[in-house]
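Reviewing the structure listed below.
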Amino acid sequence: MAEAIIRKLINAGIHFGHRVSRWNPKMEPYILTKRNSIHIIDPKETLRGLLAAKKFFTQLVSEGKDVLLVGTKRQARKAIQTHAQRVGMHYVTERWLGGTLTNFDTIRSRLATLEKLEQMEADGTIASSSKKEGARLQRELRKIRRNLEGIRNMTTLPGALFVVDALREIIALREARKLKIPTVALIDTDSDPDMVDIPIPGNDDGVRAIEIIVEEICNAIELGKMSRSDKAEPAQPAMTT
Numbered sequence: 109m110a111e112a113i114i115r116k117l118i119n120a121g122i123h124f125g126h127r128v129s130r131w132n133p134k135m136e137p138y139i140l141t142k143r144n145s146i147h148i149i150d151p152k153e154t155l156r157g158l159l160a161a162k163k164f165f166t167q168l169v170s171e172g173k174d175v176l177l178v179g180t181k182r183q184a185r186k187a188i189q190t191h192a193q194r195v196g197m198h199y200v201t202e203r204w205l206g207g208t209l210t211n212f213d214t215i216r217s218r219l220a221t222l223e224k225l226e227q228m229e230a231d232g233t234i235a236s237s238s239k240k241e242g243a244r245l246q247r248e249l250r251k252i253r254r255n256l257e258g259i260r261n262m263t264t265l266p267g268a269l270f271v272v273d274a275l276r277e278i279i280a281l282r283e284a285r286k287l288k289i290p291t292v293a294l295i296d297t298d299s300d301p302d303m304v305d306i307p308i309p310g311n312d313d314g315v316r317a318i319e320i321i322v323e324e325i326c327n328a329i330e331l332g333k334m335s336r337s338d339k340a341e342p343a344q345p346a347m348t349t
């Protein structure tokens, strides 16, 4: 099983890091060698981090907590949205709005505005407004929906954060750390592994590599949800004769 995952990850190019000149020295324990001025990540370290992350998420979700998945770079958006929706978790694929976690009440207020605008759109209020006002309301609706659609059902802070590219999503990670929310991230050789609780060293630019990691993480989340459902089922009464 482990060998099959490693083989799949290598075929996806998970081991290709950044140029040597861009490395963060803290990533040294995860680097196998360098080739043509490119750092090569040890796939065994990738697997180690992935398995630790999967175990963590399955346990967390089985306890009734949710996960927020973040991937705003072009290469990660589709995988994050597709798999987060598949397992019913929250996600951010557009720009991370500062305060999404640390100023959560304001974000909830913006989501309330979204619901109000959608109601106005549905009942024809926007259509019956003046041309200028209608255009303004439509712009606001599109903007909020684009930025917050993935967290519209997130009524409380998440139990953990999963991030693709720790360097790019540094603001999200800092907010999570401030609130003591556990973090997991796919991190490349230019990142600081100390910024996350469970680092998964690997290529955070390759579409296929990202897809595999996100799929595996969400499979673990799904397993946790199944366990959550099992725990919620009432015990069946014994049959009597």
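Heads up, the sequence shown stops at 349 in the working numbering, and the numbers go up one at a time, no gaps.
Even for Gly, the Cβ is constructed at its ideal location relative to N, Cα and C.
Everything numeric in this text was worked out from a predicted model, so none of it was measured.
| Asked | Found |
| --- | --- |
| Segments assigned beta strand (DSSP E), at least 3 residues, entirely inside the region 159-246 | 175-178 and 198-200 |
| C-beta contact flag for residue 287 and residue 209 at 8 Å | yes |
| Extent of the continuous beta strand (DSSP E) to which residue 268 belongs | 268-272 |
| Reference residue 311; option with closest CA among 303, 295, 304 and 305 | 295 |
| Any non-hydrogen atom of the ligand COA within 7 Å of residue 195 CB | This structure does not include the ligand COA; it has no bound ligands of any sort. |
| Euclidean distance between Cα positions of residue 117 and residue 154 | 9 Å |
| 7 Å CB neighbourhood of residue 343 in its chain, flanking five on each side removed | The predicted position of residue 343 is uncertain, since its pLDDT is 44 and thus under 50; no value can be drawn from it. |
| Pair within 8 Å by beta-carbon distance, residue 169 and residue 333 | yes |
| Identified DSSP bridge partners for residue 295 | 309 |
| Per DSSP, cross-strand counterpart(s) of residue 146 | 127 and 143 |
| Per-residue DSSP class, three states only, for residue 322 | helix |
| Rounded C-alpha distance that separates residue 309 from residue 173 | 25 Å |
| N- and C-terminal bounds of the alpha helix (DSSP H) containing residue 281 | 278-286 |
| Beta-carbon proximity of residue 204 to residue 284, cut-off 8 Å | no |
| Residue 100 versus 255, 245 and 140, residue with shortest Cα-Cα distance | Any question about residue 100 goes unanswered here, given that the chain covers just 109 to 349. |
| Cβ-based burial, residue 220 [other Cβ within 10 Å; buried from 16] | exposed |
| Beta-carbon proximity of residue 271 to residue 297, cut-off 8 Å | no |
| Identity of the residue in 225, 190, 215 and 122 nearest residue 264 by Cα | 215 |
| Opening and closing residue of the alpha helix (DSSP H) in which residue 115 lies | 110-119 |
| Among 151, 135 and 123, nearest to residue 111 - alpha-carbon criterion | 151 |
| Proximity of residue 306 and residue 164 at Cβ, strictly below 8 Å | yes |
| Rounded straight-line distance, which links the Cα of residue 226 to that of residue 234 | 9 Å |
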